[in-house]
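Asks: Right, I'll just put the structure down here and ask away after.
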Amino acid sequence: LSGQNPSAVGWAGFRISLAGFLIPFTFIYSPTLLLEGGDYVAIALSTVTSFIGVIALASSLQNYIYVRMNVIERLAMFIGAVLLIFPGAATDIAGVSLAAGVWLWQRARRNAARLAV
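With this note's numbering as the guide, the letters of the sequence shown map in order to residues 4 to 120.
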């Protein structure tokens, strides 16, 4: 239908949907995502960290947030996403810190590119 290489289209679709494939595995590590066994704060915290993890994984696989990522940014974002899958305060803090750091760096690079034009 699209006139494109079927293999390239298939791989692009796989990269886009990979974050969705990992969500069921996060249910195993964090049952509070299923609203089980936790108070409201634990449920909210696990939901927010999972959301950030999915965004981090998707952006690392797409190689783009505001501008094209370099290898270091992409690797840091991927590691941050993987850390957010596992429960625990230490992994959540490390994962959010990596993802937020790359996001802020990307935003600064975008603003610098706008000023240069």
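For glycine and all other residues, C-beta sits at the position ideal for the given N, C-alpha and C. Note that this is a predicted model, so its numbers are computed, not measured.
Near D95, what residues of its chain come up, given a Cβ to Cβ distance below 6 Å and the 5 sequence neighbours on each side ignored?
Replies: Within the sequence shown, numbered from 1, the residue matching residue 95 stands at position 92. So the qualifying residues of the chain are T52.
Asks: Can you check which of these residues, F89, V105, F17, W14, is closest to N73 by C-alpha distance?
Replies: Taking the sequence shown and counting its residues from 1, one reaches residue 73 at position 70. Ranking the options by Cα distance to N73, first place goes to V105.
Asks: If you draw a straight line from the alpha carbon of R110 to that of Y69, how long is it in whole angstroms?
Replies: Within the sequence shown, residue 110 is the residue found at index 107, counting from 1. Within the sequence shown, residue 69 is the residue found at index 66, counting from 1. Cα to Cα, R110 sits roughly 6 Å from Y69.
Asks: Using the DSSP secondary-structure output, state which residues sit across from R121 in a beta bridge.
Replies: This structure cannot speak to residue 121, because the chain is shown only from 4 to 120.
Asks: Can you tell me whether N8 is helix, strand or coil according to DSSP?
Replies: Numbered from 1 along the sequence shown, position 5 holds the residue referred to as residue 8. It is coil, neither helix nor strand.
Asks: Determine contact between the segment 76 to 83 and the segment 27 to 39, defined as no fewer than three beta-carbon pairs at a distance below 8 Å.
Replies: As far as the Cβ criterion goes, the segment 76 to 83 does not touch the segment 27 to 39, which means the pair count is below three.
Asks: In the DSSP assignment, find the unbroken alpha helix (DSSP H) run with S33 in it and report its ends.
Replies: By 1-based counting over the sequence shown, the position of residue 33 is 30. Note, S33: premise wrong, no alpha helix (DSSP H); not H, not E.
Asks: I'd like to check one pair, A102 with I55: are the Cβ atoms closer than 8 Å?
Replies: Here residue 55 refers to the residue found at position 52 of the sequence shown. Here residue 102 refers to the residue found at position 99 of the sequence shown. Yes. Within cutoff.
Asks: Could you check whether T35 and I88 sit closer than 8 Å to each other, using their CB atoms as the reference points?
Replies: In the sequence shown, the residue the question calls residue 88 occupies position 85. In the sequence shown, the residue the question calls residue 35 occupies position 32. Cβ distance not < 8 Å, so I88 and T35 don't count as in contact.
Asks: Roughly how many angstroms lie between the CA atoms of G16 and R113, to the nearest whole one?
Replies: Your numbering for residue 16 matches position 13 in the sequence shown. Your numbering for residue 113 matches position 110 in the sequence shown. Roughly 26 Å between the two C-alpha positions.
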